Amino acid sequence: MLSCKETARLISDGLDRKLPLRRRIALRLHLAMCSGCRAYKNQIESLNRLFSRRAKRELTRLDFGSKSLSAQARERIKSSLREGPQ
Amino acid sequence: MKPAEPSEARLPNPQISQLRGQSASVLIDDTFVDDHGDALFRYALQRVHDQTMAEDLVQETFLAAIQARESFRRESSVRTWLISILRHKILDHFRKERGGVQLDTSDHLIDRCFDQRGSWVHRPGKWSVDPASLLEEEDFWVVFKTCQDALPAQIRTAFSLRVMSEMKAEVVCKELQIAPTNLHVMLHRARARLRACLEANWFQGKSKKRI
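Protein sequences, first through last, are from chains V and S. Plus 1254 on top of the position in the first sequence (first one is 1) and you've got my numbering. Plus 4 on top of the position in the second sequence (first one is 1) and you've got my numbering.
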């Protein structure tokens, strides 16, 4: 019988690899009986989806944002390009 | 130092003229830095948490782009090509930073969530806000950034590559030269810590406000 602590670990693992059959069954059994772990799984998975949507969105928004290269850094980069790779 | 005027910045110099002569490759000059520099900087800053380091990575990316300009293929956009170079530079940076640090055997912050039998001390409950609704909620992402920055460096790296840069787990293991089990432990710790931090600083506050 899995503990909640082991279950939490498997919930995360499941996002990065396919769990072996025996682990999947043990996980399902535990989840069926434990509302805390069901809530945890729900939260971890929906946060994970949110993070990856944000990461995708970021790529389309790179031209907008408050942060930018400082004038010094910009000049340094330009002059290093004029000199070429060392 | 004052930024160069655009007209001055576009003055040809010997090397740039030379690049211009090579029709198949991209033109990498001052305008190119103005067009892509900030975007690359923002991408890097989301991942390395240090402004100077992010600037250096952008510079290295442009230099590498000059050297590799023949490898640019028209089917991808210049931006995509630059980001892929930058991603390699970020990986190199993490590899150097990692330098033989051992993964701690346990994470006290996670251990504290469970009793001796491994059951929850505070059983997770339902959140009143659905995370799916937070994509554009900028206040949430400020809290997220604070929580992400508070992660131990190693764990933050693993999370940043696997989740925020959407690299495959196998690729992260290979690039950082770590065993899959170690990566899984790191990601579990990152997710558990982020969840706890976001719950304490966002989700709990929200539910209280609504009651």
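The beta carbon of each residue, even a glycine, is placed where N, CA and C say it ideally should be. Owing to the predicted nature of the structure, the values given are computational and were not obtained by experimental measurement.
Chain-order list of residues whose beta-carbon lies under 7 Å from that of S:I153 (same chain, five-residue window excluded): Against the second sequence, residue 153 of chain S aligns to sequence position 149. According to the sequence provided, residue 153 of chain S is Asp. The question's Ile does not apply to it. If we look at S:D153 and ignore the five residues flanking it on each side, its Cβ neighbours are H53.
Taking the CB atoms as reference points, tell me whether S:I87 and S:Y47 lie closer together than 8 Å. For this step, residue 87 of chain S is matched to residue 83 along the second sequence. For this step, residue 47 of chain S is matched to residue 43 along the second sequence. For S:I87 and S:Y47, yes; Cβs fall inside 8 Å.
How long is the line joining the alpha carbons of V:L1285 and V:N1302, rounded to whole angstroms? Taking the first sequence and counting its residues from 1, one reaches residue 1285 of chain V at position 31. Taking the first sequence and counting its residues from 1, one reaches residue 1302 of chain V at position 48. Straight-line Cα distance between these residues: approximately 19 Å.
CB contact below 8 Å: V:A1327 versus chain S: Here residue 1327 of chain V refers to the residue found at position 73 when the first sequence is read from its first residue. Residue-level contact check: V:A1327 touches chain S, since one or more beta carbons of chain S fall below 8 Å from its beta carbon.
Which of helix, strand or coil does DSSP assign to S:F98? In the second sequence, counting from the first residue as 1, residue 98 of chain S sits at position 94. Residue state, collapsed to three classes: helix.
With three or more beta-carbon pairs closer than 8 Å as the criterion, would you say the region 71-82 of chain S touches the region 107-122 of chain S? Result no; under three Cβ-Cβ pairs closer than 8 Å.
Please return the same chain residues whose Cβ sits closer than 6 Å to the Cβ of V:R1278, not counting the five positions on each side in sequence. In the first sequence, counting from the first residue as 1, residue 1278 of chain V sits at position 24. Excluding residues within five positions, none has a Cβ falling inside 6 Å.
Is S:F118 helix, strand or coil when you go by DSSP? In the second sequence, residue 118 of chain S corresponds to position 114, counting from 1. Annotated three-state conformation of S:F118 is strand, per DSSP.
Quick test of your reading: S:M168 and S:Q50, contact by CB under 8 Å. State the CB separation rounded to the nearest angstrom. Counted from its first residue, the second sequence places residue 168 of chain S at position 164. Counted from its first residue, the second sequence places residue 50 of chain S at position 46. Contact annotation, S:M168 with S:Q50: C-beta distance approximately 7 Å; criterion of less than 8 Å satisfied.
Restricting to Cα atoms, I'd like to know which of V:S1334, V:L1281 and V:Q1326 is closest to S:A69. Here residue 69 of chain S corresponds to residue number 65 of the second sequence, with the count starting at 1. Residue V:S1334 holds the alpha-carbon nearest to the alpha-carbon of S:A69 among V:S1334, V:L1281 and V:Q1326.
When you compare the CB of V:A1286 with every CB in chain S, is at least one pair closer than 8 Å? Start at 1 with the first residue of the first sequence, and residue 1286 of chain V comes out as number 32. With 8 Å as the cut-off, V:A1286 does not count as an interface residue toward chain S.
Strictly below 8 Å CB to CB, what residues from chain S border V:K1272? The count along the first sequence starts at 1 and reaches residue 1272 of chain V at position 18. Under the 8 Å cutoff, chain S gives no residues; its nearest Cβ is about 11 Å from V:K1272.
Smallest Cα separation from S:W206: which of S:I32, S:R99, S:C151 and S:E140? Locating residue 206 of chain S in the second sequence gives position 202, where the first residue counts as 1. Looking at the Cα atoms, S:C151 is the closest of the given residues.
What is the DSSP secondary structure of S:W131, counted as helix, strand or coil? Residue 131 of chain S sits at position 127 when you count from the first residue of the second sequence. Three-state DSSP puts S:W131 in coil, outside helix and strand.
Select from the region 76-97 of chain S all residues with a C-beta closer than 9 Å to any C-beta belonging to chain V, and list them in chain order. Of all residues in the region 76-97 of chain S, R83, T84 and I87 have a Cβ within less than 9 Å of some Cβ in chain V.
8 Å contact criterion, which S:R83 and S:H40 should meet: CB distance rounded: Mapped onto the second sequence, residue 83 of chain S falls at position 79. Mapped onto the second sequence, residue 40 of chain S falls at position 36. Between S:H40 and S:R83 the Cβ distance is about 6 Å, and since that is below 8 Å, they are a contact.
What are the boundary residues of the alpha helix (DSSP H) that includes S:I182? Numbered from its first residue, the second sequence carries residue 182 of chain S at position 178. Taken as a continuous stretch (DSSP letters only), S:I182 belongs to no alpha helix (DSSP H), as it is neither H nor E.
Measuring only between beta-carbons, confirm whether V:L1335 sits less than 8 Å from chain S. Against the first sequence, residue 1335 of chain V aligns to sequence position 81. Under the 8 Å criterion on CB atoms, V:L1335 is classed as interfacial with respect to chain S.
What do you get for V:P1274, buried or exposed, if any count of 16 or more other CB atoms within 10 angstroms of its CB means buried? Translated into positions along the first sequence, residue 1274 of chain V becomes position 20. Taking all protein chains shown into account, V:P1274 has fewer than 16 neighbouring C-beta atoms within 10 Å of its C-beta and is therefore exposed.
Could you tell me whether the Cβ of V:R1277 comes closer than 8 Å to any Cβ of chain S? Sequence index remark: in the first sequence, residue 1277 of chain V carries index 23 (1-based). No - not a single Cβ of chain S is within 8 Å of the one on V:R1277.
Below-8 Å beta-carbon distance, V:A1309 vs any chain S residue: Numbered from 1 along the first sequence, position 55 holds the residue referred to as residue 1309 of chain V. V:A1309 counts as touching chain S.
So which of V:K1310, V:A1262 and V:L1256 has the shortest CA-CA distance to S:R193? Locating residue 193 of chain S in the second sequence gives position 189, counting from the first residue. When the alpha-carbon of S:R193 is set against those of V:K1310, V:A1262 and V:L1256, the nearest one is in V:A1262.
Give a yes or no on whether 8 Å exceeds the smallest Cβ distance from V:L1316 to chain S. Looking up residue 1316 of chain V in the first sequence gives position 62. Output row for V:L1316: interface = yes.
Report yes or no: is there a C-beta of chain B within less than 8 Å of the C-beta of V:A1280? The structure shown contains no chain B; its protein chains are V and S.
With DSSP as the reference, identify every bridge partner of S:W124, one or two as the case may be. Locating residue 124 of chain S in the second sequence gives position 120, where the first residue counts as 1. Note: S:W124 sits in a beta bridge opposite S:F118.
With three or more C-beta pairs closer than 8 Å as the rule, is the region 159-168 of chain S touching the region 177-195 of chain S? With the cut-off at 8 Å, the region 177-195 of chain S and the region 159-168 of chain S touch.
On a Cα-Cα basis, can you pick out the residue from V:F1318, V:D1270, V:L1281 and V:K1321 that is closest to S:L187? On the second sequence, position 183 is the one that residue 187 of chain S refers to. Considering only alpha carbons, the answer is V:D1270.
Secondary structure of V:F1305, DSSP reduced to three states: Within the first sequence, residue 1305 of chain V is the residue found at index 51, counting from 1. Look at V:F1305 here: in three-state DSSP terms it is helix.
Would you say S:S123 lies against chain V (beta-carbon separation less than 8 Å)? As a working note, residue 123 of chain S is residue 119 in the second sequence. Taking Cβ atoms only, chain V reaches closer than 8 Å to S:S123, which makes this a yes.
Tell me which residues of the region 166-183 of chain S have at least one Cβ-Cβ distance to chain V shorter than 8 Å, keeping chain order. Answer set for the region 166-183 of chain S: R166, V167, M168, S169, E170 and A173.
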